[in-house]
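Before any comments, here is the structure.
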Amino acid sequence: MAYRNPTPTVDIIIELVDRPHRPIALIERHNPPYGWAIPGGFVDYGESVETAAKREAEEETGLQVELIEQFHVYSEPSRDPRQHTISVVFIATATGKPSAGDDAKGIEIFELWQMPTNLCFDHDRILRDYCRYRYYGMRPQLG
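In this note's numbering, the protein residues as written are 89 to 231.
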């Protein structure tokens with residue numbers, strides 16, 4: 089019997105702590121779906137989600153991050169138009185100048201009040217949840 093299981097992924101909200109207001113780095117995707125996204129990607133077989141998060145952050149932004157906390161898990165079956173994924177989202181910190189790499193077409197630093205409108209996947213929801221957590225200490229609701 090063949091099983092159809094969701095694919096594990098990670099997303100990393102990277103706070104640049106060497107800048108005022110701790111802005112975050114977002115990548116502009118080179119591959120479909122196009123638009124802006126939180127850095128992240130697929131977890132490789134035999135890899136922990138923490139290792140995957142550090143690897144994906146460095147591959148896509150050139151930054152070595154320190155994972156601060158596991159923020160939330162997002163698993164809505166329609167969150168990724170390509171396939172059913174489950175994303176473990178981390179909050180991380182980094183210093184330095186990010187540079188686009190891997191499948192990133194571009195990279196920019198955004199203040200939380202100036203997010204782009206063309207976000208991919210469910211990253212608009214993730215960033216709304218993150219802003220609510222960052223400013224008011226409110227974690228995302230389960231379910």
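Note that the Cβ used here is the ideal one computed from N, Cα and C, for glycine as well.
In this structure, the beta-carbon distance from Gln158 to Phe178 falls below 9 angstroms. Under the Cβ criterion (8 angstroms, minimum of three pairs), the region 113-124 counts as touching the region 194-211. Judged by DSSP secondary structure, Tyr221 falls within the alpha helix (DSSP H) whose first and last residues are His211 to Tyr224. Between the alpha carbons of Pro108 and Phe198 lies a gap of roughly 11 angstroms. Shown here, Ala188 sits in coil according to DSSP, grouped into three states, outside any helix or strand. By the criterion of at least three beta-carbon pairs nearer than 8 angstroms, the region 94-102 is in contact with the region 159-177.
As a beta-bridge residue in DSSP terms, His160 pairs with Val177.
One Cα belongs to Arg143, the other to Arg220, and the distance between them is close to 27 angstroms. The DSSP assignment places complete beta strand (DSSP E) segments of no fewer than 3 residues inside the region 106-168 at 112-117, 128-130 and 154-162, in order along the chain. The region 133-148 and the region 208-224 do not touch, with fewer than three beta-carbon pairs separated by less than 8 angstroms.
Distance from Val98 to Gly128 at the Cβ level is roughly 5 angstroms; contact confirmed, criterion being Cβ atoms closer than 8 angstroms. Closest by C-alpha distance to Glu154, out of Ala182, Thr139 and Leu207, is Ala182. Inter-residue distance for Gly231 and Ile156 is about 24 angstroms (C-alpha atoms, whole angstroms).
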